[in-house]
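Colleague: I am attaching a structure below and will ask some questions about it afterwards.
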Amino acid sequence: QKEVEQNSGPLSVPEGAIASLNCTYSDRGSQSFFWYRQYSGKSPELIMSIYSNGDKEDGRFTAQLNKASQYVSLLIRDSQPSDSATYLCAVRYGGATNKLIFGTGTLLAVQP
Amino acid sequence: NAGVTQTPKFQVLKTGQSMTLQCAQDMNHNSMYWYRQDPGMGLRLIYYSASEGTTDKGEVPNGYNVSRLNKREFSLRLESAAPSQTSVYFCASRDHYEQYFGPGTRLTVT
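The listed protein sequences derive, respectively, from chains A and B.
1 is the number of the first residue of the first sequence in the numbering used here; add one for each residue after it.
1001 is the number of the first residue of the second sequence in the numbering used here; add one for each residue after it.
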């Protein structure tokens, strides 16, 4: 059973702080990893993808991947109240079918 | 460029009724997916279509059927709705490895 685990939170951080969101996965053969942001009542929005070990930065967001530890994280610098949302970690498996397994998400609350 | 669109946005059904959820994408993607999202369960794959003319089961296919009408459209049908199918349904399409979601359909079965 392929699994993706996230702490459900809520993770509460003050405005301007760094928010750190974590995800572990069970399938050692997984190659592609994604972070989605989902506001309440809305659909998931892709914010980061990462395919190789190390860090990938995009604006205030940094995704970190460690395949040996089967761990992927998302750092949000200078957190804003508008970052308050549920963050979903997704892992690709299934070869050409590109099926994703999603974690249940971490609720982030940025306090003004 | 509307991306992925879904209709309807909301629906209430009685147990045993049938309905079809519609999904269309204008991004010329080959692959499309149907998910359901339930509290505490995350997003779960119902069916997917790797390309026009092909469909395959995902993690939770029971009680659903799909049709890949053409490259743009991928519909999900509930033949005899059950209260356990109360959920939010999302359609997605894929570009390379990245999936993009539609706005969702909130379905309640009473």
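Each residue gets a CB set at the ideal place from its N, CA and C atoms; glycine is no exception.
1) On the DSSP letters alone, give me the boundaries of the beta strand (DSSP E) that E45 (chain A) sits inside.
2) Would you check if the distance between the CB atom of I50 (chain A) and the CB atom of V72 (chain A) is smaller than 8 Å?
3) With distances taken Cα to Cα, identify the nearest neighbour of S1111 (chain B) among B:V1066, B:T1005, B:T1108 and B:D1026.
4) Suppose contacts are defined by Cβ-Cβ distances below 8 Å. Is T1166 (chain B) in contact with L1076 (chain B) by that definition?
5) Can you look up Q1085 (chain B) in the DSSP assignment and give me helix, strand or coil?
6) Which chain B residues sit within Cβ distance under 8 Å of P44 (chain A)?
7) DSSP on P1103 (chain B), reduced to helix/strand/coil?
8) Per DSSP, K1009 (chain B) forms a beta bridge with which residues?
9) For A1082 (chain B), I'd like the list of residues in its chain whose CB is within less than 7 Å of its CB, leaving aside the five on either flank, ordered along the chain.
10) Under 8 Å Cβ to Cβ from V1060 (chain B), same chain only, skipping five residues before and after it: list those, please.
11) With a cut-off of 8 Å on the beta carbons, I'd call Y1100 (chain B) and V1004 (chain B) a contact; round off their distance for me.
12) Does DSSP classify D1056 (chain B) as helix, strand or coil?
13) Between the Cα of K1071 (chain B) and the Cα atoms of B:P1008, B:E1079 and B:R1094, which residue gives the shortest distance?
14) So, are the CB atoms of T1105 (chain B) and K1009 (chain B) less than 8 Å apart?
15) Starting from D55 (chain A) and walking both ways along the beta strand (DSSP E), at which residues does that stretch end?
16) Whole angstroms are fine: how far does the CA of H1096 (chain B) sit from the CA of R28 (chain A)?
17) From the beta carbon of T104 (chain A), is the nearest beta carbon of chain B less than 8 Å away?
18) What residues of chain B sit near N98 (chain A), judged by a beta carbon separation below 7 Å?
19) Please check if any C-beta of chain B sits within less than 8 Å of the C-beta of F61 (chain A).
20) Name, going along the chain, the residues of the stretch 1008-1021 of chain B whose beta-carbon falls closer than 8 Å to a beta-carbon of chain A.
21) Between A19 (chain A) and S1080 (chain B), what straight-line distance do the alpha-carbon atoms span, to the nearest angstrom?
22) Excluding sequence positions up to five away, which residues of its chain have a Cβ less than 7 Å from the Cβ of G1058 (chain B)?
23) Excluding sequence positions up to five away, which residues of its chain have a Cβ less than 7 Å from the Cβ of D78 (chain A)?
24) Select from the stretch 51-85 of chain A all residues with a C-beta closer than 9 Å to any C-beta belonging to chain B, and list them in chain order.
Modeller: Per the coordinate set shown:
1) E45 to I50
2) yes
3) Residue 1111 (chain B) is absent from the structure shown; chain B starts at 1001 and stops at 1110.
4) This structure does not reach residue 1166 (chain B), given that chain B is present from 1001 up to 1110, and the question cannot be answered.
5) helix
6) Per Cβ cutoff of 8 Å: L1043, F1090 and F1101.
7) coil
8) K1009 (chain B) pairs with nothing; no bridge assigned.
9) Closer than 7 Å at the Cβ level, and outside the excluded window around A1082 (chain B), lie T1015, G1063 and V1109.
10) R1036, R1044, L1045 and I1046
11) 6 Å
12) strand
13) B:R1094
14) Taking a C-beta distance under 8 Å as the contact criterion, T1105 (chain B) and K1009 (chain B) qualify as a contact pair.
15) G54 to D58
16) Approximately 21 Å between the Cα atoms of the pair.
17) yes
18) S1031, R1094 and Y1097
19) no
20) none
21) 44 Å
22) L1045, I1046, Y1047 and Y1048
23) G16 and R60
24) Y51
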